[in-house]
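First residue of the sequence shown: 1, per UniProt numbering; consecutive thereafter. Cβ atoms here follow ideal geometry from the backbone N, Cα and C, with glycine treated the same way. Bear in mind the structure is a predicted one, so any value in this text is a computation, not a measurement.
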Amino acid sequence: LVVLGSFFVLNLVLGVLSGEFSKEREKARVRGIFKKRREKIRFEEELRSYLDWILQAEDIWDAVGEETTFETVENNDGKYTSGSRLDWLLRRFSRLKCKKLQMLPFYSSKLRRKGRKLIKSQAFYWIVIVLVFLNTFVLTLEHHRQPLWLEEFQDYVNICFVILFALEMLLKMFCLGFYNYFMSLFNRFDCFVVLCSIVEISLTQARVIKPLGLSVLRSARLLRLFKVTRYWDSLRNLVASLLNSLRSIVSLLLLLFLFIVIFALLGMQIFGGKFKFDPFGSKPRSNFDSFPQSLLTVFQILTGEDWNSVMYAGIQSFGGASSIGIVVCVYFIVLFVCGNYILLNVFLAIAVDNLGDNDQSEPETVLAQVNEENEEQPISADETSNNNNNNNNSNTEQEANFEIQLCNGETQREHGQFEQLNNWSNSDGTKDETDDAAVLNGNNRKRGPSLLAKDDSFGENCRKASLLHIPPYNSLFIFAPQNKLRIACAKLIRHAYFKNLVLLCILVSSALLAAEDPLSRHSTLNDVLGFFDIFFTSVFTVEIVLKIITLGLVFHEESFCRNAFNLLDLLVVAVSLASFGLKSDAISVVKILRVLRVLRPLRAINRAKGLKHVVQCVIVAVKTIGNILLVTFMLQFMFAIVGVQLFKGTFYRCTDSTKTNPQDCRGVFIHYESGDRTKPVVEFREWVNNDFNFDDIRNALISLFVVGTFEGWPDLLYVAIDSTEEDSGPVYNYRQAVAIFFIAYIVVIAFFMQNIFVGFVIVTFQNEGEREYANCELDKNQRKCIEFTLNVKPQKRYVPSSQFRYKLWLFVTSSYFEYASSSQSDY
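In structure tokens:
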């Protein structure tokens, strides 16, 4: 059920959503292109009519022959028209005797030009980045119960940073101008942060508000860290892809909010005030008694965390599953399916679509750059003819060299007979059987007279070596490519029976490893399995020796140790041999070596082509996933700093819920187990902190990571909602507004960035699968059509010659008869 339902069917729903989203987005893109073209045509028509009107006006002007001028002069009475106001002011200004004031516009423009060079320089850029990092470092120093000197230092440094960032903003405004400055979205955000910081400092210094409220805006400066993408191409492409997703994300968030509001209102109508099951006990925190609480409950159900408990509480509120209560489960099922399986999976569809578009745009950018380089460096006709002649001469030389089949490795490299076999399909240096069949069928070039005719056995060995794709080097500096032993080893490791035998040994040895008794090391079962282990290790050792004789060890390019999967095989076999040499169980090294034997099942990766491609895709995804990790960590780091400023020292509580401060939390109190007043228990009062808290940046990062996994996040949410001030106990629903912090974090990190991870892996698998057909002229749909045509199996249908039997045959083979028979079989 879990494999078919959770792993297959739900991912199938995701695939359908991703496909439909891509189709709708393509339709919207085509519709936008059509509207732009229509607007362009309309604009061109209006421009054409306007130009015709101007031409007609010029013709009329020339015909009349009147000449007018737009120069206006000052009237005799000192009055001037509106058109001459600027000229009049300039003349008045030019009459001033102060030469410095006359040169002020010149100095201003010159200073602005120098300022533009300054703010666009790398030195200024890195100075701002260093200031941002220092500001970030100061913010990370904030923690619960910090000394007074550190708090004063943070306040002074914060003021200094605000002044520096304000000066940067003013400098950019002066050099770029207000219009050019505010054209950048990041500059607008920077201006907003600086202004909010100035307002915050003004209000806090005047003691109008407490420092807690607007201090969260300090953390918004951390988004300046994304300026580092200016000189980081891969990270800039990722951030651009994320920004391109914002339009779709905002629309989806609006739809998700409407969905939550509708189900919250419906939940209030159905379950409002009905979750009170024990008159003396407390009601569940996840309820529908108010609109804010109903929103939180619906959002919790969307995340899937403990949603079944809320459903069981709803069923119990209507009398349980044996009565009408079973009907209300439809509300929760529809909410969970439509919200979790459909709406939230659209986040992943958006991520896959935008990452796919980003990957498709990169080759176009590269081609554009190449075209620009080609346009900058044109080739003359003489150079083209010379290149063609050189290519023809080189092709002729290659053909001549190809016809002289020499068996010496150095001579082969000189004449260019053998190409480097870096793209072998298997790590043992063998190609597909189709290539061998092509060679055996005579598709290779016809050989001319050569030195091989002098020795038939020598030539036969050379032909076998070329057919078996033996590298043209002496393996281990002993075995030449035409050596009979090397050819025999190549035949053996290339044989299908040998490959299947090794794969079977790997599977059986892995199963026997699982059958060992870890409690009794010297039992009879382990002794018997030890003999089998020796046998399988011997088989694997022989296999590696044969491959080393065929391919060589390490010095040549196609050697055995030049392949990562071969190194894995060698490591597993070496560990097994070393564990046999060291018999003492008391030695820790022996224990480690025996533990490393669990890597033996990984040797099957090198034998299964499909599994090998999957592992290669995973490796590529892990190598290139660092940018996503960096962006995610930066966002999580920002949320952690905000959490420290909001919740540091506020998650403490007394084990006696009647005490709200550490001074009163002393002595003993009476506690009733499970609310039963007949079982009083005397306990000591203790002032304890929550396991997950935001007292410093380290604990904040851990707590947010737990929230991002959806594991127990509602408990931490309600602890934050009940929190009051530092070193004070909780109060029920004291500040529900802090739930916005957790919801924003879950939407940004859990809903979006984690789906970016999954989407990136999906796009990587798609690109790796398409890379195999990189040189194919057919597109994906054409290849699928050809594969379907080649794999389809025609069905033989025998049509009766008799008319009665023919009508009966039509009836029996019809779809209606099949549906009727299948429905009868169900009964």
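Taking residue i as the reference, which of the options has the closest Cα?
| i | options | result |
| --- | --- | --- |
| Q205 | F186, F189, I159 | I159 |
| I625 | F318, T764, E305 | T764 |
| G267 | V310, V250, L256, L242 | V310 |
| Q154 | Q269, F137, L167 | F137 |
| V618 | Q269, I260, V758 | V758 |
| F684 | E673, R666, Y672 | R666 |
| E558 | I301, S475, F347, Y732 | S475 |
| V682 | T655, L118, V731 | T655 |
| V346 | Q795, L808, Y798, N755 | N755 |
Alpha carbon to alpha carbon, what distance is there between residue j and residue i?
| i | j | result |
| --- | --- | --- |
| E143 | K274 | One point to set straight first is that residue 143 is His, not Glu, in the sequence displayed. Approximately 42 Å, taken between the alpha carbons. |
| H613 | I762 | 14 Å |
| A621 | L602 | 19 Å |
| Y156 | F189 | 24 Å |
| G610 | D353 | 25 Å |
| I350 | E39 | 29 Å |
| G115 | L629 | 36 Å |
| V162 | F271 | 50 Å |
| L568 | V792 | 39 Å |
| I119 | F565 | 51 Å |
| N699 | N180 | 42 Å |
| S425 | A496 | With a pLDDT of 38 at S425, under the threshold of 50, the modelled position of that residue is not reliable, and the figure given next carries that caveat. Taking the straight line from one Cα to the other gives about 14 Å. |
| A514 | L501 | 20 Å |
| N627 | F318 | 51 Å |
| L150 | E725 | 20 Å |
| T140 | I641 | 7 Å |
| P730 | V719 | 8 Å |
| A264 | A511 | 52 Å |
Identify whether residue i lies in helix, strand or coil by the three-state DSSP scheme.
| i | result |
| --- | --- |
| N755 | helix |
| Y652 | strand |
| F804 | helix |
| S510 | helix |
| Y734 | coil |
| F34 | helix |
| P292 | helix |
| P478 | According to the sequence shown, residue 478 is Ile rather than Pro. Coil. |
| F275 | coil |
| E683 | strand |
| V622 | helix |
| F560 | helix |
| H495 | coil |
| F669 | strand |
| V688 | strand |
Can you tell me whether residue i is buried or exposed? The criterion is at least 16 other CB atoms within 10 Å of its CB, across all chains shown.
| i | result |
| --- | --- |
| T303 | buried |
| A820 | exposed |
| Y473 | buried |
| S703 | buried |
| Y652 | buried |
| W53 | exposed |
| K36 | exposed |
| E543 | buried |
| S322 | exposed |
| I740 | exposed |
| S294 | buried |
| T537 | buried |
| F165 | buried |
| M183 | exposed |
| R494 | buried |
| W713 | buried |
| F299 | buried |
| Q663 | exposed |
| I786 | exposed |
| A123 | exposed |
| L519 | exposed |
| K117 | exposed |
Strictly under 8 Å for the Cβ-Cβ distance: is residue i near chain C by that measure?
| i | result |
| --- | --- |
| V642 | The structure shown contains no chain C; it is built from a single protein chain. |
Using a threshold of 7 Å, is the CB atom of residue i nearer than that to any non-hydrogen atom of the ligand ADP?
| i | result |
| --- | --- |
| R37 | You won't find the ligand ADP in this model; it holds no ligand whatsoever. |
### Query
Are there three or more Cβ pairs, one per stretch, closer than 8 Å when the stretch 304-324 is compared with the stretch 743-756?
no
### Task
Examine the Cβ distances between the stretch 473-487 and the stretch 538-553 and report whether three or more of them are shorter than 8 Å.
yes
### Task
Mind the definition here: the stretch 694-702 touches the stretch 640-658 only if three or more C-beta pairs lie below 8 Å; say whether that holds.
yes
### Query
Would you call the stretch 255-263 and the stretch 337-352 touching, i.e. three or more CB-CB distances under 8 Å?
yes
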